[in-house]
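These notes concern the structure reproduced below.
Residue numbers (my numbering): 29 to 505.
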């Protein structure tokens, strides 16, 4: 047996919170997956070490993005380590190197089992690669990377383990092994979550200095979803029609002290304001970006022309389409509702027949609204999911590998691209929904082993509870 790869994505580890009313249930301790993650690593390493191997072959763990979810961490330090504004105390800290390092320390404190599992895996002589996604892009900062490395070394020292000099390799874009595997998180093919310059996502700000220029999807998680805690940010339950939103409000908010309407409106304003303020800086090409591309080519063992071609596949972020942003936050519907109310008031005060005053608001306005909705249809996260295999095929053609794997969509699937070439979407470990209640995630993993250059590909779920299996059947249906 030759090289073997264990690939996982979308664990979405964050700090633990407990609320009696079910607020932010996805952050409860019962959804911590450290034990299952550790047992999978130990099991895979044990089987690899016990099997017959080709000389020079190895086992590599690929953490393919969104392993840590910085967007969901709204905790702040109790001591005054740095300035924290009232806005940050409510919606989470700005993604600077210093604050992001503290957030990672906070997350790892609640996930010591995860750290110990990685340390044991590395101490056994196996490789670990961390490919950054959109929710853990703050690992771009070397200071944040060092937090994870220090945590591994601290556990190793405590347990008497010996780690290699580089226990974990960080990749900002993708991981590539010639002729075998290409692993990328996949957010670059989703214009709601992509970075204009993925190798250089930092912009300079007047108040905070260098910060990560977060995409719309991540800003929405920070400013809206964390303030609307009865939604699960790891599922798509927050994408509803107006009637379902009304039912959600009645069920969770009508008889509680928590609110949603103001949090939705003000959070939407904050996201759009920040995107507009950052738009020019986001789309200004970094001065040394050609050098970044050349370094990526050398690191991956690919021609620079191939790196440029991979970059050309990526659609531009949605920051260039302000109307679509407003529509995603329902601001367009709000404006239409206001215009309809104003129009109804004008009609009520006008010297026109009573039937006109009644029929126009009751029939013409709703008809115009439905016509508008039909005309305004566009891409959603669901349509983007269907495009992912097409991008994977283009990637496979460019780099010449047998396995292309992405995460990001939380949709586990294997799709043959060509004879001997497969695309694998690695699903998620984050909580999902069974009906209206969150349950543990699929706990998906991809295991690829090569024998004489040919891959054996297995996409499976590790110790998945029955409720999760039932939920996956419902979703597939």
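We put the CB at the ideal spot given by N, CA and C, even for glycine. From a predicted model like this one, the values you see are computed outputs, not experimental measurements.
- Distance from the CA atom of residue 259 to the CA atom of residue 250, rounded to whole angstroms, is 13 Å.
- By the C-beta density criterion, residue 129 is buried, having at least 16 other C-beta atoms within 10 angstroms.
- Boundaries cannot be given for residue 345, as no beta strand (DSSP E) includes it and DSSP labels it neither H nor E.
- For residue 332, the enclosing alpha helix (DSSP H) starts and ends at 332-340.
- Taken atom to atom, the span from the alpha-carbon of residue 40 to that of residue 368 is near 42 Å.
- Annotation for residue 238: the continuous beta strand (DSSP E) segment containing it runs 237-240.
- Inclusion of residue 93 and residue 38 in the CB contact set at 9 Å is warranted, their separation being smaller than that value.
- Comparing C-alpha distances from residue 33 to each of 51, 64 and 76 shows the shortest one belongs to 76.
- Taking 9 Å as the cut-off, the beta carbon of residue 397 is found no closer than this to the beta carbon of residue 353.
- Straight-line measurement puts the Cα of residue 350 at about 34 Å from the Cα of residue 110.
- Sequence-distant partners of residue 175 (beyond 5 residues in either direction) whose C-beta falls short of 6 Å from its own C-beta, in its chain, are 129, 132 and 133.
- Using a Cβ distance threshold of 9 Å, residue 220 and residue 356 count as a contacting pair.
- Look at the beta carbons and you see the stretch 179-195 touching the stretch 142-150: at least three pairs across the two are nearer than 8 Å.
- A contact between stretches requires three or more CB pairs, one per stretch, nearer than 8 Å, and the stretch 399-416 fails this requirement with the stretch 371-389.
- Residue 296 is classed as buried because its beta carbon has at least 16 other beta carbons within 10 Å across all chains shown.
- Contact check for residue 268 against residue 158 fails: the beta carbons are separated by 9 Å or more.
- Taking 3 residues as the minimum length, the beta strand (DSSP E) runs contained wholly in the stretch 420-444 are 431-434, in order along the chain.
- In this structure residue 263 is in contact with residue 460, their Cβ atoms being roughly 5 Å apart against a cut-off of 8 Å.
- Contact check for residue 389 against residue 372 passes: the beta carbons are separated by less than 9 Å.
- Rounded to whole angstroms, the gap between the alpha carbons of residue 66 and residue 477 is 20 Å.
- Under DSSP, residue 478 shares a beta bridge with 483.
- In this structure the stretch 486-493 lies against the stretch 467-474, because at least three pairs of beta carbons, one per stretch, are closer than 8 Å.
- Per DSSP, the unbroken alpha helix (DSSP H) holding residue 173 starts and ends at 170-187.
- DSSP places residue 211 within a strand segment (E or B) once states are collapsed to three.
- For residue 288, the secondary structure class from DSSP, reduced to helix, strand or coil, is coil.
- Only exposed fits residue 317, as fewer than 16 other CB atoms lie within 10 angstroms of its CB.
- In this structure residue 125 is not in contact with residue 60, their Cβ atoms being roughly 27 Å apart against a cut-off of 8 Å.
- If you compare the alpha carbons of 248, 485 and 165 with that of residue 301, the shortest gap goes to 248.
- Less than 9 Å divides the Cβ of residue 162 from the Cβ of residue 436.
- Judged by DSSP in its simplified three-state form, residue 67 adopts helix.
- Between residue 102 and residue 254, the C-beta spacing is below 9 Å.
- Only residues of its own chain outside the window of five on either side were considered, and among them 450, 452, 485 and 487 have a CB closer than 7 Å to the CB of residue 442, listed in chain order.
- Residue pairing from DSSP places residue 87 in a beta bridge opposite 32.
- A check of alpha carbon separations from residue 210 across 166, 402 and 329 identifies 329 as the nearest.
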